[in-house]
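S.K.: Below you'll find the structure I mean.
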Amino acid sequence: MKQFCSPLEVVSIFLGNGDGTFKPNVDYGSDGGPGALAVGDFNRDGQIDLAIANFNGNNATHVSTLLGNGDGTFGRVSSYGTGQHPTGVVSADFNGDGNPDLATVNTYDSTVSVLLGLGRGKFGSAANYAVNSDQYYGAIVSADFNGDGHPDLATINFSAGAVSILLNEGNGTFGTYKDYPAGPSPQSLVAGDFNNDQKMDLVVGNLGADASLLLGNGNGGFQAPIPIASGLGPYAMAVADFNGDGNLDLATVNGSQSSSVVSILLGAGNGTFATAVNYSTGSGPAAIVAADLNKDGKVDLAVLTTFLAGVSILLGNGDGTFQNYSSYPVPNYSFGLLAADFNGQNNLDLAVLNQASSYAVELLAGDGQGHFSSATPYYPGIGPASFVAADFDKSGSTDLAVTNAIYLTSSVTILLNTAVAALSLDGLHFPPTAVGTQSQPMKVQFSNPGTVSVKIRSISISGANAGDFVQTSTCGNNVAVGASCTVTLTFRPSQKGKRSALLKFTDNAIAGTQVVSLAGTGR
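Going letter by letter, the sequence shown gives residues 23 to 545 in the working numbering.
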């Protein structure tokens, strides 16, 4: 684990080996206490950038941006003022200029800050909008609630039992918020069209109560909350079509510490749900992901449990029912869960975030049949708080970004899953050859043993006597997974004595270059 002895604010870059494992980190500057993260191309250069809401440390009123270079590295951090204590961040194009913008929800002053992107990774000063929000849970959602083609914003208020809606005026500015009752102590929020009227609805999970459905009117307003018998205190929710009827269904994991089930509520397509059917998961379910984990075209569930911590896999039957769960252990105090193809095998893998036990991202590799390997830890820093998956270096593989915020540590960690390359040998020694004559050819094989395509940018010969060696190649611009190509070399000494050069491959693999030493003697 990387230890921090002072209140550092850094980004740590972990280069991946292309098979779901990662190299040691490289650090970049960040700001105080990042607790939420958004991904976007903020400077429109085709590279993935990061925005971090900082809520701890010396300055808790900033959004930080890290501009990606496209190779998994990031530029110097830039910070922008927000309201006090931003705990959540989303990215959308609020003013329709093609530049990603940012919105944060701020705990201490009950505001939403909107920062319009200026292009090239720059942002204007924050415009702060009041909302009726204490944001204990930092929930903010962006969707088009009034059907005008511009993304709006929704936040929750735990104490007031309300949802605050900010409607976009079409130019990236927002009107005065309006509150809609949501249910007692809302703690989670998802958006979807649950009654198939082409208008966006909301489902709110309430602490100590069931979920609530707020049907959208299509003009940015919402009807009175309709209780959904989801189970007590839905802490996390997943939306998908579990029975293949074209209607959105709902799965909830319920916050009661005595809970050991996931509740499945099948949607009728008219804003109503069938009676919840509970499936055992293991004790204390805290996070849920809906995805096709065994590649049979049916939606499955992965549920993270906190007591006797593990990931419970419930394979879907395609009719809205699920098989008995199988469980894979993870360290205690794990709370975050993602599904993505991290090792390039075209199977969904799982990533679990742990804040207080291993302080690690735990990766469980999937076999495409709904089974998973033992958890393998990677250490982003002390106290990881949230994470997202994306292809940050445009290598075609899935990477991870992790925010960390506990004690004196403030960091954002990027774990890059990159290509690997192998050479059949690291040196060629030609037999003594008469000056002006050409040797017999010798070969070097370039192979891709990893799980990500290797992009060869150039093959060249350099060094003291580069002109004495000639190469021809069967390699193209890309070497597919499991494939190989051949470089054929000949030696034609221009002088007597020892001659040397280097055969260099420039590519997107871990080291960036692969080198073979060349040597021969002219006689």
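Note that beta-carbon positions come from the ideal geometry of N, C-alpha and C, so glycine has one too.
In chain order, which beta strand (DSSP E) runs of at least 3 residues are fully inside the region 334 to 410?
M.R.: 348 to 351, 356 to 362, 371 to 376, 383 to 386, 398 to 400
S.K.: Would you kindly check if the distance between the Cβ of Thr303 and the Cβ of Ser285 is under 8 Å?
M.R.: no
S.K.: Identify every run of the alpha helix (DSSP H) within the region 174 to 205, keeping only runs that are complete inside it and at least 4 residues long; order them along the chain.
M.R.: If we require 4 residues or more, the region 174 to 205 turns out to have no alpha helix (DSSP H) run fully inside it.
S.K.: For the candidate residues Leu540, Tyr130, Ile532, Ala258, whose alpha-carbon lies nearest to that of Leu447?
M.R.: Leu540
S.K.: Go ahead and pull the three-state DSSP assignment for Gly489.
M.R.: helix
S.K.: If I measure Cβ to Cβ from Asn241 and keep anything under 6 Å in the same chain, skipping five residues before and after, which residues do I get?
M.R.: Annotation for Asn241: Asn168 place their beta carbon closer than 6 Å to its own, counting only its chain and skipping 5 residues before and after.
S.K.: Taking the alpha-carbon positions, what's the Arg514 to His393 distance?
M.R.: 56 Å
S.K.: Relative to the C-alpha of Ser210, which candidate in Gly458, Thr177, Ser356 has its C-alpha closest?
M.R.: Thr177
S.K.: Excluding five sequence neighbours on each side, which residues of the same chain lie with their C-beta closer than 7 Å to the C-beta of Lys200?
M.R.: Ile187
S.K.: Identify whether Asp619 lies in helix, strand or coil by the three-state DSSP scheme.
M.R.: Because the chain is modelled from 23 through 545, residue 619 falls outside the range shown and cannot be assessed.
S.K.: Contact check, Gly255 vs Leu235 under 8 Å by CB: the rounded distance?
M.R.: Actually they are not in contact, since the Cβ atoms of Gly255 and Leu235 sit about 16 Å apart, beyond 8 Å.
S.K.: Whose C-alpha, out of Ala443, Phe145, Ala298, Glu191, is nearest the C-alpha of Asp166?
M.R.: Glu191
S.K.: Using CA atoms only, rank isn't needed, just tell me which of Phe116, Ser480, Thr104, Pro173 is closest to Ala149.
M.R.: Thr104
S.K.: Could you pull the start and end residues of the beta strand (DSSP E) that Pro463 belongs to?
M.R.: Premise fails: Pro463 is in no beta strand (DSSP E) and is neither H nor E.
S.K.: In terms of residues, what are the limits of the beta strand (DSSP E) holding His451?
M.R.: 449 to 451
S.K.: Excluding the 5 residues preceding and the 5 following Ala502 in the sequence, name in chain order all residues of the same chain whose CB lies nearer than 7 Å to its CB.
M.R.: Asn470, Ser475
S.K.: The beta strand (DSSP E) that contains Gln220, what's its start and end?
M.R.: Unbroken run through Gln220: none, as it is neither H nor E.
S.K.: Out of Met464, Val383, Phe468, Ala114, point me to the one whose CA is closest to His172's CA.
M.R.: Ala114
S.K.: Would you check if the region 452 to 459 and the region 504 to 523 touch, i.e. whether three or more CB-CB distances between them fall below 8 Å?
M.R.: yes
S.K.: For Lys465, count neighbouring Cβ atoms within 10 angstroms of its own Cβ and tell me buried if that reaches 16, exposed if not.
M.R.: exposed
S.K.: Looking only at its chain, what residues have a beta carbon closer than 6 Å to the beta carbon of Leu248, apart from the 5 residues adjacent to it on each side?
M.R.: Residue identity check: residue 248 is Ile in the sequence provided, not Leu. Around Ile248: Leu235.
S.K.: Do you know offhand how far Gly544's Cα is from Gln517's?
M.R.: 6 Å
S.K.: Out of Val226, Asp232, Asn269, Gly205, which has the shortest C-alpha to C-alpha gap to Phe216?
M.R.: For Phe216, the closest alpha carbon among the candidates Val226, Asp232, Asn269, Gly205 is that of Asn269.
S.K.: Less than 7 Å between the CB of Asn117 and some heavy atom of the ligand HEM, yes or no?
M.R.: Only the bare structure without any ligand can be found here, which leaves the ligand HEM out of the picture.
S.K.: If distances are taken between C-alpha atoms only, which option among Val136, Asp322, Gln493, Ser395 comes closest to Leu189?
M.R.: Val136
S.K.: With DSSP collapsed to three states, give me the class of Asn239.
M.R.: coil
S.K.: With a threshold of 8 Å on Cβ separation, who are the neighbours of Gly498 within its own chain once the five nearest residues in sequence on each side are excluded?
M.R.: Ile478, Cys507
S.K.: Hey, Leu445 and Ile483 are a contact pair by Cβ (cut 8 Å); roughly how many whole angstroms apart?
M.R.: Actually they do not touch by this definition, with Cβ atoms about 15 Å apart.
S.K.: Could you tell me which residues DSSP pairs with Tyr151 in its beta bridges?
M.R.: Paired residues: Val134.
S.K.: Compute the beta-carbon to beta-carbon distance between Gly253 and Asp232, rounded to the nearest angstrom, for a pair I have assumed lies under 8 Å.
M.R.: 7 Å
S.K.: Please classify Thr297 as buried or exposed, where buried requires at least 16 other C-beta atoms within 10 Å of its C-beta.
M.R.: exposed
S.K.: With DSSP collapsed to three states, give me the class of Phe329.
M.R.: coil
S.K.: Counting along the chain, where does the beta strand (DSSP E) carrying Arg479 start and finish?
M.R.: 476 to 484
S.K.: Quick one, which of Gly194, Lys221, Asp219, Val226 has its alpha-carbon nearest Pro203's?
M.R.: Comparing Cα positions, the closest option is Val226.
S.K.: May I have the straight-line CA-CA distance separating Val112 from Ala246, to the nearest angstrom?
M.R.: 26 Å
S.K.: Let me confirm a value: Thr494 is counted as buried when at least 16 other C-beta atoms fall within 10 Å, else exposed. Which label applies?
M.R.: Thr494 is exposed by the Cβ-count criterion.
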